[in-house]
Amino acid sequence: MISLAGRDILHAWGKFIFTGVGLGLLIGVTLIMAGVYRGMIDDGKVLLDSSGADLWVVQKDTLGPYAESSSLPDDLWRSIRAVPGVAQAANATFLTMQVRKGDRDVRAMVVGIAAGDPGTPGWPPHLVAGRQITRGHYEAVADLATGFGLGDVLKIRRNHYTVVGLARRMVSSNGDPIVFIPLKDAQEAQFLKDNDAILMQRRRTEANPAFNRPGVPGLLDAVTASQTTNNSVNAVLVRIRPGFTPEEVAEPIRRWKRLTVYDRAQMEDILIGKLIRTSSQQIGMFLAILAIVSAAIVAFIIYTLTMDKIREIAVLKLIGTRNRTIAAMIVQQALVLGVIGFVVGKITATFAAPLFPKHVLLMPSDSIAGFFAVLAICMLASVVSIRMALQVDPAEAIG
Amino acid sequence: MGAGGIRIANLSKRFGEGDTAVLALKEVNMEVAPGEVVGLIGPSGSGKSTLLKCLGAVIDPTAGRMILNDTVIYDDGWKVRDLRALRRDQIGFVFQAPYLIPFLDATDNVALLPMLAGVANGEARRRARELLAALDVQHRAEAMPTRLSGGEQQRVAIARGLINRPPVILADEPTAPLDSQRAMVVIRILNDMAKRFETAVIVVTHDQKIIPTFKRIYHIRDGVTHEEAGAGLGFD
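Chains as they are written, first to last, in the working numbering: chain A, 3 to 401; chain B, 5 to 240.
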């Protein structure tokens, strides 16, 4: 038996290809939306991976340092270091801001990293060019996505930083590239007031008799100094010793230090389950709508193609064609349309994904699931047409 | 009348029920022998199409008897179970317009019927080409329907009607879209094929120029038929 669907497709291949391309663009958008969602999750995981931490110690009862603000004394890390099971502990600050270079600026997450050696929690694990930060001030390591190059001079608040190293895929959960700077500079950047504000505050302090007592020399200087320095960090990143479980180490810190401690799984839950939850729900809604729109379009196309063949279907039925042969013809055409659409969509998504400003991660598993979803949608969409075709009266061929 | 062909006795068809019922066919009787071509003539609304649909096993009669190739296919409410197979194997259709499948070439349009009956593609195509040659359109065997002239399309349609060697062919206004010369060619072909394949052919027509070619004519008016002898010109 010849393939009626195949012959019809070959006969009207232009119509099928053109329709398939249109459908493919829609499928491409759907795949990219899924890629955006995967990219957001991946960005969250990359942020956690790149920190090199097993535990995140943050201000009590906060979801810091990424989802909420968190403030801890910057000397706390020493006592945490002494907790059994802690291999390394390091301060870190996180601040999302516009980083200027010349007359342009880039939105980036500025991460303050504690002095130490490569491998210290919070440090970029791998560089693709240059070196790690070796000086206590005014050096930076930037992610390639910032567009900065080695030797470029950046301006963060009032200070200038020279880019000494470049890293790859160092991004925040929002997908903003990371710029690493020394901790002290980052602490200053986080709480630095402008010059006028500092001057005004000094004057108010001088005018306050409580801080400017004639009989207490040095009090005014001490108060003024405390107002312009920042001794807080957002989190202490902890790496645990082999043989200890995260909970074994986290529990005494929670109990004795009265702090909140998150392990990797909990932090992942905060980032993915809470921070990007709304975005992912939004994308999920888009995916659902796109799937419904795709199904409606495929159904409409197949319905139109079938309507065009009503007379032929009546003739086929009159001359003894089985209903299942006619149904198979319609289903096969819907599936072919779906396959053409998927191939076009996949190619479109693959080439378009790098053009998006944020990370779009096209997972093979999503493509496979998408392929079967498209086939299922096409089969479903052909039901209306099949129903219509089977109701065609063979007598219509006679008139 | 000899064996085979088609016979209907007291065939009636009613549409609707009660006060709105319409009796489209009233105890129609008809016999067409193998190899014979008869005309079925009547004005619009006379019941021609209804009779054709009953003969083609497309709609069920309300009462009466139909015997096709010595097999009862309908008898006062009883009917054969597989009408689809009956239409495929026992009845050939030739329509006013050829209604060829536009995405199949001439050969496959003809070969489709035996393929539907389970004949292998190669064998079905061989038989189709043979028949196309008999109808003098073998040179257009690979052409798509849109590339065929009206006469060629009608010949391919006749070949499709004949390919399964049905005992009866129902031709519905087969010459309507054709000029006189081509119309006569189609009627000649139907006569030739009827004789060659021992097929009973019923031609529904309004076409005055082909009516004199029938030896027997059934007139139908208000669902009632009566038979008369035709001139039978030109096809002895």
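We put the beta carbon where it would ideally sit given N, CA and C, even for glycine.
What does A:Leu320 reach in chain B if we use C-beta pairs closer than 8 Å?
-> Neighbourhood of A:Leu320 in chain B, by CB distance below 8 Å: Gly60, Val62, Arg91, Phe97, in chain order.
Between B:Lys83 and the rest of its own chain, which residues show a CB-CB distance below 7 Å, the 5 nearest in sequence each way excluded?
-> The answer, listed in chain order, is Asp64, Ile77.
May I ask you to list, following chain order, the residues of the stretch 41-75 of chain B that have a beta carbon less than 7 Å from some beta carbon of chain A?
-> Within the stretch 41-75 of chain B, the qualifying residues are Ser53, Leu56, Lys57, Gly60, Val62, Ile63.
Quick one, which of B:Pro170, B:Ala161, B:Ile167 has its alpha-carbon nearest B:Thr179's?
-> Its Cα nearest to that of B:Thr179, the residue B:Ala161 stands out among B:Pro170, B:Ala161, B:Ile167.
Contact with chain A by B:Pro106, beta-carbon distance below 8 Å | By this cut-off, B:Pro106 is an interface position.
C-alpha gap between A:Ala14 and A:Ser387, whole angstroms = Taking the straight line from one Cα to the other gives about 18 Å.
Is it true that the CB of A:Ser384 sits closer than 8 Å to the CB of A:Ile304?
-> In this structure, A:Ser384 lies closer than 8 Å to A:Ile304 by Cβ.
Roughly how many whole angstroms lie between the Cα atoms of A:Phe20 and A:Val362?
-> If I take the Cα positions, the gap works out to 27 Å.
Chain B within 8 Å of A:Asp51, Cβ atoms only | A:Asp51 does not count as touching chain B.
Runs of beta strand (DSSP E) lying entirely within the stretch 173-205 of chain A, each at least 3 residues, in chain order = Taking only runs of at least 3 residues, the beta strand (DSSP E) segments lying wholly in the stretch 173-205 of chain A are 180-184.
Could you tell me whether any Cβ in chain B is nearer than 8 Å to the Cβ of A:Ala397?
-> Yes, its Cβ sits closer than 8 Å to a Cβ of chain B.
Report yes or no: is there a C-beta of chain A within less than 8 Å of the C-beta of B:Leu182?
-> Judged by the 8 Å Cβ criterion, B:Leu182 is not in contact with chain A.
Which residues of chain A have a Cβ atom closer than 8 Å to the Cβ of B:Asn125, listed in chain order?
-> Listed along the chain, the chain A residues whose CB falls inside 8 Å of the CB of B:Asn125 are Met3, Ile4.
Please confirm whether A:Ile255 and A:Val60 have their CB atoms less than 8 Å apart.
-> Contact flag unset, no.
Buried or exposed: which applies to B:Arg129, given that a residue is buried once 16 or more other Cβ atoms fall within 10 Å of its Cβ?
-> Per the 10 Å Cβ criterion, buried.
C-alpha distance - A:Val23 paired with A:Ile29, whole-angstrom precision | Rounded to whole angstroms, A:Val23 to A:Ile29 spans 10 Å at the Cα level.
Return no unless some Cβ of chain B is closer than 8 Å to the Cβ of A:Asp44.
-> Against chain B, the CB of A:Asp44 has no partner CB under 8 Å away; the residue lies outside that interface.
Whole angstroms is fine: what's the gap from A:Asp196's alpha carbon to A:Ile278's?
-> Distance between the alpha carbons of A:Asp196 and A:Ile278 is about 33 Å.
Would you call A:Gln393 buried or exposed, if buried means 16 or more other Cβ atoms sit within 10 Å of its Cβ?
-> The residue is exposed, with fewer than 16 neighbouring Cβ atoms inside 10 Å.
Below 9 Å between beta carbons is the criterion; list the residues of the stretch 319-346 of chain A that meet it against any residue of chain B, in chain order.
-> Result list: Lys319, Leu320, Ile321, Gly322, Thr323, Arg324, Asn325, Thr327.
Of all Cβ atoms in chain B, is any one closer than 8 Å to the Cβ of A:Val317?
-> A:Val317 has a beta carbon lying within less than 8 Å of a beta carbon in chain B.
Less than 8 Å separating the beta-carbons of B:Val62 and B:Ala110?
-> No, they are not a contact pair.
Nearest to A:Arg109 by CA position, among A:Leu97, A:Asp56, A:Ala116, is which residue?
-> Nearest option by C-alpha distance: A:Leu97.
Under the rule that 16 or more other beta-carbon atoms within 10 Å means buried, what is B:Glu3, buried or exposed?
-> Only positions 5 to 240 of chain B appear in this structure, which leaves residue 3 of chain B out of reach.
Give the secondary structure of B:Leu108 by DSSP, where H, G and I count as helix, E and B as strand, and everything else as coil.
-> If DSSP states are grouped into helix, strand and coil, B:Leu108 belongs with coil.
Local conformation of A:Phe96 per DSSP, three classes = Three-state DSSP puts A:Phe96 in a strand.
Uninterrupted beta strand (DSSP E) stretches inside the stretch 35-69 of chain A (no shorter than 3 residues) = Counting only runs of 3 or more, we get 57-60.
What does A:Arg109 reach in chain B if we use C-beta pairs closer than 7 Å?
-> Neighbours of A:Arg109 on chain B: none; closest Cβ ~56 Å, over 7 Å.
Quick one: grab the DSSP three-state call for A:Tyr305.
-> It is helical.
Mind pulling the chain B residues with CB within less than 7 Å of A:Arg9?
-> Correct list: Phe107, Leu108.
State whether the stretch 89-104 of chain A contacts the stretch 115-128 of chain A, with contact taken as three or more CB pairs (one from each stretch) at a distance under 8 Å.
-> The way I'd put it, the stretch 89-104 of chain A does touch the stretch 115-128 of chain A; three or more beta-carbon pairs between them come closer than 8 Å.
Based on Cα-Cα distance, which residue from A:Met202, A:Val143, A:Val155, A:Ser175 lies nearest to A:Leu185?
-> Residue nearest to A:Leu185 within the set A:Met202, A:Val143, A:Val155, A:Ser175 is A:Val143 (criterion: CA-CA distance).
Going along chain A, which residues have a C-beta under 7 Å from B:Met119?
-> Correct list: Met3, Ile4.
Quick one: Cα of A:Met381 to Cα of A:Lys348, how far?
-> So the alpha carbons of these two residues sit roughly 20 Å apart.
With distances taken from CA atoms, which of A:Val251, A:Thr207, A:Ile158, A:Val165 is nearest A:Ala131?
-> If we check each option's Cα against that of A:Ala131, A:Val165 comes out closest.
Does any C-beta atom of chain A lie closer than 8 Å to the C-beta of B:Asp211?
-> Not closer than 8 Å to any Cβ of chain A, the Cβ of B:Asp211 fails to qualify, so no.
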